[in-house]
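To start, the structure itself, in structure tokens.
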Amino acid sequence: MTGPASPRAATVPAGTPAAAAVSLRDVHREFRRPRTSLRHDPAVVHAVRGVSLDIAAGERVGIVGESGSGKTTLLRLLCGLDTPTSGEVYVQGRPVHDQPARRLRWLRRELQLVFQDPMGSLDPRMRVGQIVAEPLVAQRIGSRAERRARVTELLERVGLPAEAADRYPHQFSGGQRQRISIARALAPRPHVLVGDEPVSALDVSVRAQVLNLVDEVVDGYGLTLVLVSHDLSVVRHVCDRVAVMRQGELVEVAPTEQLYRDPQHPYTRELLASVPHLADALGSHPPDMERSQPDE
Amino acid sequence: MSRRRINPSLVIGGALVLLVVGLALLSYVWTPYQPMRVLSVEAYQTPNAEHWLGTDRLRRDVFTQIVVGARTTLLVGVIAVGVAALVGVPLGILAAMGPGWVGTLLMRGTDILLAFPALLLAIMFAALYGGSTRVAMVAIGIATVPSFARITRSGTLGVLRTDYVTAARAAGRGRPAIAVRHVLPNVTGLVIVQASVSFAIAILAEAALAYLGLGTPAGQASWGRMLYEAQSTLASATHLALIPGGAIAAAVLGFNLLGDGLRDWLDPRLEGR
């Protein structure tokens, strides 16, 4: 691990920021720990160090790594929810890294998020209809009636009845709540969909359904997908290209099948090896049934 | 859509509060005797048919005083808690969501105010502006602001950490919209419970101030005032202390139960369980 970019990354043609849907340029993010001593400077945590990555329009990229590897920080930087210490972030060719929140209104339309926790990502005091319409209301898109029609259409799209709009999030199962989350993310017709471990809190049986839904909407609307996960099987299922992250750096970026067939970086091999091991330990599972990574 | 379950706290608390409200309203249209009127009857009567709750040292009808005193009690509670919540809740949200120095300044301010015993603050106010029900209300209200600001701030910090707030930011919501749409509804439970506790404290504080002779002045009905006047005859005419004391206890209990019940009733997560 000598530099932020592996030799593999160079084999993928790097577009200009204007051409790529998402472009990260030598992005760093440092967090300062609270001061614990009067004499020493507070410790600095490098959550993301020198990440460069271009994601073409319509591409589906998975970012994998164990917890604490900086995946979520990278994702927050990408969504303009956090500001990098240095480096540049572009979405659809427009800068995100140096813009104050009020200048990022366009980004809220271009890019939407689906979160990990199906409980915590929906306001318990709001009805589902209000939740799904929130991006529209926040961005003053459409009249009240148009928004209501759009909510019905979106709920239908994610496989929920129109009556769901009048109910509260706690009345739905985890998988249904993630569907609501996806409906909300699709509301402003974004071009980039970002998923932060969108299925890792779900039961194995529901995971595939929600993943298939993500797959369908990404295809159907021609979205660019950035999927963060610690679960390699999830990424393999949906993504064209995988970026492996470790201690804040990208150690390997490669097309999914190539990465699985011929991992270059020792860490990637380790990560891949950890998957079938558990399946072996469980006994009768065939090697391709490797949804074995337990939830975090 | 399923119906919200009515819980026992809500019913009992609501009944007690309604009783106090009913007495206060009743006092405007009817009282057994003219309020605070000294009657030409025997003093220190125990409850009887003529005087339902007896008469006091000055030969006044106790039941009449309880009915009229309910007004004072309610007024003090509503105004004091209203002042405290209207000032404290926005301050708490501001302290949590505003720039760091604003939060620090506000919280140190509430620390200073909290370090003052509420009653002492009220006594100070009474000493400065003279003892009256209005001064007591405002003083109790100001003394209660810090508890509202603190509880709102900690609730807000909790809400701000949730993914639904991050989702709202990603949806394009600004800070003010997040404060109104997400933070406020999700801290109401805390605020209601705090309000019911504060209401009880306000009623007790008013009674204490009146008892000390610093709140409601002589010649006006107040449950605290009645307790104050009963203290010299505590041994010989115990009922004169027990009756207003019981009324205060019932009102305090009522508001506490009502607050608890309301919190659960307003929470959509507990709906239909």
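In order, the protein sequence lines correspond to chains A and B. For what it's worth, the working numbering labels the leading residue of the first sequence as 1, then goes sequentially. For what it's worth, the working numbering labels the leading residue of the second sequence as 297, then goes sequentially. Backbone N, C-alpha and C fix where the C-beta goes; we use that ideal spot for every residue, glycine too.
| said: Here's the rule I'm using: 16 or more other beta-carbon atoms within 10 Å means buried, otherwise exposed. How should histidine 230/A be labelled? | reply: Numbered from its first residue, the first sequence carries residue 230/A at position 230. Under this definition histidine 230/A is a buried residue.
| query | Name the chain B residues whose beta carbon is nearer than 8 Å to that of phenylalanine 115/A? | reply | Taking the first residue of the first sequence as 1, we reach residue 115/A at position 115. Within 8 Å Cβ-Cβ: Asp459, Thr462, Ala463.
| said: Taking the alpha-carbon of threonine 454/B as reference, which of Leu486/B, Ala345/B, Pro343/B has the nearest alpha-carbon? | reply: Within the second sequence, residue 454/B is the residue found at index 158, counting from 1. For the record, residue 454/B in the displayed sequence is glycine; it is not threonine. Nearest option by C-alpha distance: Leu486/B.
| said: For a minimum of 4 consecutive residues, which ranges assigned as the alpha helix (DSSP H) are wholly contained in the segment 194-240 of chain A? | reply: Correct list: 204-220, 232-238.
| request: Show which residues of chain A have a CB atom less than 7 Å away from the CB atom of glycine 468/B. | output: To locate residue 468/B, count along the second sequence from 1; it is residue 172. Within chain A, the residues near glycine 468/B are Arg105, Arg108, Pro135, Ala138, Gln139.
| request: Kindly list the residues whose CB is nearer than 6 Å to the CB of alanine 526/B, restricted to its own chain and excluding five residues on each side of it in sequence; keep chain order. | output: As a first step, residue 526/B must be located in the second sequence, where it is residue number 230. Cβ within range, chain order: Leu536, Ala537.
| request: Take threonine 11/A and list the residues in its own chain whose beta-carbon comes closer than 6 Å to its own, dropping the five residues that flank it on each side. | output: Here residue 11/A refers to the residue found at position 11 of the first sequence. Residue placement at threonine 11/A is poorly supported in this model, since its pLDDT is 38, which falls under 50; the coordinates still yield a value, given next. Answer for threonine 11/A: no residue qualifies.
| field | DSSP state of leucine 111/A mapped onto helix, strand, coil | value | Reading the first sequence from its first residue, position 111 is the one you call residue 111/A. Leucine 111/A: strand per DSSP, three-state reduction.
| message | Just to confirm the assignment, what range does the alpha helix (DSSP H) spanning isoleucine 362/B have? | response | By 1-based counting over the second sequence, the position of residue 362/B is 66. Run containing isoleucine 362/B: 358-393, per the alpha helix (DSSP H) assignment.
| query | Across which residues does DSSP place alanine 531/B in a beta bridge pair? | reply | Sequence index remark: in the second sequence, residue 531/B carries index 235 (1-based). Looking at the DSSP assignment, alanine 531/B forms no beta bridge with any residue, so it has no partner.
| query | Which bits of chain A does asparagine 303/B rub up against, with CB to CB less than 7 Å? | reply | Within the second sequence, numbered from 1, the residue matching residue 303/B stands at position 7. Chain A residues near asparagine 303/B: none, gap ~18 Å exceeds 7 Å.
| Residues that asparagine 482/B contacts on chain A, provided the C-beta gap is smaller than 8 Å | The residue given as residue 482/B occupies position 186 in the second sequence. Ordered by position in chain A, the residues that pass the 8 Å Cβ test against asparagine 482/B are Asp123, Pro124, Arg125.
| Neighbour flag for aspartate 295/A against chain B, beta carbons, 7 Å | Taking the first sequence and counting its residues from 1, one reaches residue 295/A at position 295. Confidence is the limiting factor: at aspartate 295/A the pLDDT is only 43, short of 50, which leaves the residue's position unreliable and the question unanswerable from this model.
| Is DSSP giving glycine 62/A helix, strand or coil here? | Taking the first sequence and counting its residues from 1, the one referred to as residue 62/A is at position 62. Strand, per DSSP.
| field | Listed by chain order, chain A residues near alanine 491/B by CB distance under 8 Å | value | Along the second sequence, one-based indexing puts residue 491/B at 195. By Cβ distance, chain A contributes nothing, its closest Cβ being about 18 Å from alanine 491/B, past 8 Å.
| What three-state label does DSSP hand alanine 418/B in the structure shown? | Indexing the second sequence from 1 puts residue 418/B at position 122. Looking at alanine 418/B - three-state DSSP - the assignment turns out to be helix.
| request: Please state whether DSSP places methionine 119/A in a helix, a strand or coil. | output: Within the first sequence, residue 119/A is the residue found at index 119, counting from 1. Coil at methionine 119/A, not helix or strand.
| task | Compare the C-beta of histidine 478/B against all C-beta atoms of chain A and say whether one is closer than 7 Å. | result | Against the second sequence, residue 478/B aligns to sequence position 182. It does: the Cβ of histidine 478/B has a partner Cβ on chain A nearer than 7 Å.
| task | Could you spell out where the beta strand (DSSP E) holding arginine 261/A opens and where it closes? | result | Position 261 of the first sequence, counting from 1, holds the residue named residue 261/A. That residue, arginine 261/A, is in no beta strand (DSSP E); its alpha helix (DSSP H) goes 256-261.
| task | State the DSSP-derived secondary structure class of valine 334/B, mapped to helix, strand or coil. | result | As a first step, residue 334/B must be located in the second sequence, where it is residue number 38. Valine 334/B: coil per DSSP, three-state reduction.
| Whether arginine 565/B touches proline 124/A by CB criterion (7 Å) | The residue you call residue 565/B lines up with position 269 of the second sequence. The residue you call residue 124/A lines up with position 124 of the first sequence. Cβ distance < 7 Å, so arginine 565/B and proline 124/A count as in contact.
| request: Could you check the C-alpha separation between isoleucine 497/B and valine 548/B for me, to the nearest Å? | output: For this step, residue 497/B is matched to residue 201 along the second sequence. For this step, residue 548/B is matched to residue 252 along the second sequence. Each residue's alpha carbon lies about 8 Å from the other.
| message | Counting only Cβ pairs nearer than 8 Å, list the residues of chain A close to alanine 473/B. | response | Within the second sequence, residue 473/B is the residue found at index 177, counting from 1. Result: Ala138.
| message | Is it buried or exposed, leucine 272/A, if we count other Cβ atoms within 10 angstroms and call 16 or more buried? | response | Locating residue 272/A in the first sequence gives position 272, counting from the first residue. Leucine 272/A should be labelled buried.
| request: Given a cut-off of 7 Å, decide if threonine 224/A and alanine 57/A are closer than it, judged by their beta-carbon atoms. | output: Taking the first residue of the first sequence as position 1, residue 57/A is located at position 57. Taking the first residue of the first sequence as position 1, residue 224/A is located at position 224. A contact, by the Cβ cut-off of 7 Å.
| said: Less than 7 Å between C-beta atoms, sequence neighbours within five positions excluded: which residues of the same chain meet that for leucine 530/B? | reply: Stepping through the second sequence from its first residue, residue 530/B is reached at position 234. Counting only Cβ-Cβ distances below 7 Å, and skipping sequence neighbours, we find Ala537.
| Those residues which DSSP pairs with tyrosine 90/A across a bridge | Looking up residue 90/A in the first sequence gives position 90. For tyrosine 90/A, which the question treats as bridged, DSSP gives the partners Ser23/A, Pro95/A.
| said: Just to confirm my understanding: we take glutamine 139/A, look at its own chain, exclude 5 residues before and 5 after, and list those with CB closer than 8 Å. What are they? | reply: Residue 139/A sits at position 139 when you count from the first residue of the first sequence. Same-chain partners within the cutoff: Arg105, Arg108, Arg109, Pro188.
| Sequence-distant residues of its chain with Cβ nearer than 7 Å to arginine 25/A (five each side left out) | As a position in the first sequence, residue 25/A is number 25, starting the count at 1. Correct list, in chain order: Ser52, Gly87, Glu88.
| task | Would you identify the three-state DSSP class for valine 487/B, choosing helix, strand or coil? | result | Translated into the one-based positions of the second sequence, residue 487/B becomes position 191. In the three-state DSSP reduction, valine 487/B falls in the helix class (H, G or I).
| query | Once you ignore the five residues that flank alanine 18/A on each side, which residues in its own chain have a CB closer than 6 Å to its CB? | reply | Residue 18/A sits at position 18 when you count from the first residue of the first sequence. Note that alanine 18/A scores a pLDDT of 47, beneath 50, so its modelled location is shaky; the value from the coordinates is reported in the next line. Cβ contact annotation for alanine 18/A (same chain, cutoff 6 Å, sequence separation greater than five): Gly93, in chain order.
| Between which two residues does the alpha helix (DSSP H) harbouring leucine 349/B extend? | The count along the second sequence starts at 1 and reaches residue 349/B at position 53. Counting along the chain, leucine 349/B falls outside any alpha helix (DSSP H), and DSSP gives it neither H nor E.
| field | Where glutamine 112/A meets chain B, residues with beta-carbon distance less than 7 Å | value | As a working note, residue 112/A is residue 112 in the first sequence. Neighbours of glutamine 112/A on chain B, chain order: Ala466.
| task | Quick one: give me the first and last residue of the alpha helix (DSSP H) that serine 450/B is part of. | result | Against the second sequence, residue 450/B aligns to sequence position 154. Serine 450/B -> alpha helix (DSSP H) spans 429-456.
| query | To the nearest angstrom, how far is it from the Cα of arginine 236/A to the Cα of leucine 558/B? | reply | By 1-based counting over the first sequence, the position of residue 236/A is 236. By 1-based counting over the second sequence, the position of residue 558/B is 262. When rounded, the distance between both Cα atoms is 49 Å.
| Three-state secondary structure (DSSP) at serine 305/B? | On the second sequence, residue 305/B is found 9 positions in, with the first residue counted as 1. Reduced to three states, the DSSP call for serine 305/B is helix.
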